[in-house]
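Novice: What follows is a single structure, and I will ask about it in a moment.
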Amino acid sequence: MLLASLFTLALRFPDGPFMSLFYICVVVVIAIPLYQYFFGAAVFARKAYAAQKTLQHPITVTWSEEGFRSTAQQGDWNVPWNDYLKWTEDSKVILLYQGPRVFNMLPKRVLTPAQVDDFRQLAAANIKCA
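Under this note's numbering, think of the first position of the sequence shown as 400, with each following residue one higher.
Dropping the structure here:
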């Protein structure tokens with residue numbers, strides 16, 4: 400709303416100070432979401448990791464025809480394949496989505512190529528690909 404008002408004033412008085420103020424506001428409106436996307440997300444992730452102590456202990460994962468299992472100091476967790484909504488992967492990680500924004504992350508760097516292939520086959524056979 401404020402941006403629209405400044406735009407109207409800038410058009411009405413093109414040589415006045417409103418045009419400069421309008422351009423500054425446009426830059427700010429574009430810069431804030433870009434900053435949050437590229438830098439704010441990383442800061443938020445680091446803070447969330449530091450606050451959640453359960454993420455800082457070693458976790459052992461296994462998978463079978465029945466589902467995905469993770470074992471940590473806090474206990475065991477078994478999830479049947481059909482409880483997952485979808486799965487996806489990139490060059491670094493495999494994500495198993497339990498919901499639209501809740502997922503298990505499996506870093507590929509801790510797996511052998513054979514394990515990645517085995518996991519990929521089981522996931523593709525049992526979970527919808529994102």
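No residue lacks a Cβ here, since even glycine has one placed at the ideal position from N, Cα and C.
(1) Who does Glu464 pair with in a DSSP beta bridge?
(2) Under 8 Å, with one C-beta from each stretch per pair, do the region 467-481 and the region 516-529 reach the 3-pair mark?
(3) Which stretch, first to last residue, makes up the alpha helix (DSSP H) that contains Tyr448?
(4) Ordered along the chain, which non-local residues of its own chain (more than five positions away) have a Cβ less than 8 Å from that of Pro531?
(5) Does the beta-carbon distance from Ile493 to Leu505 come in below 8 Å?
(6) Nearest to Glu465 by alpha carbon, out of Ala529, Leu521, Thr407?
(7) What residue range does the alpha helix (DSSP H) around Asp475 cover?
(8) For Lys491, name the three-state secondary structure that DSSP assigns.
(9) Just reading off the beta strand (DSSP E) that Pro512 is part of, what are its end residues?
(10) Excluding five sequence neighbours on each side, which residues of the same chain lie with their C-beta closer than 6 Å to the C-beta of Pro469?
Specialist: Taking the coordinates as given:
(1) In the DSSP output, where bridge partners are listed per residue, Glu464 has none listed.
(2) The region 467-481 is in contact with the region 516-529.
(3) Residues 440-450.
(4) Any answer about residue 531 is impossible in this case: the structure gives the chain only from 400 up to 529.
(5) In this structure, Leu505 lies closer than 8 Å to Ile493 by Cβ.
(6) When each option's Cα is compared against that of Glu465, the closest is Leu521.
(7) For Asp475, no alpha helix (DSSP H) encloses it; the enclosing beta strand (DSSP E) starts and ends at 474-479.
(8) Correct three-state label for Lys491: coil.
(9) It is not in any beta strand (DSSP E) - Pro512 instead sits in the alpha helix (DSSP H) that spans 512-525.
(10) Per the sequence shown, residue 469 should be read as Ser rather than Pro. Here the set comprises Ile458, Val460, Trp476.
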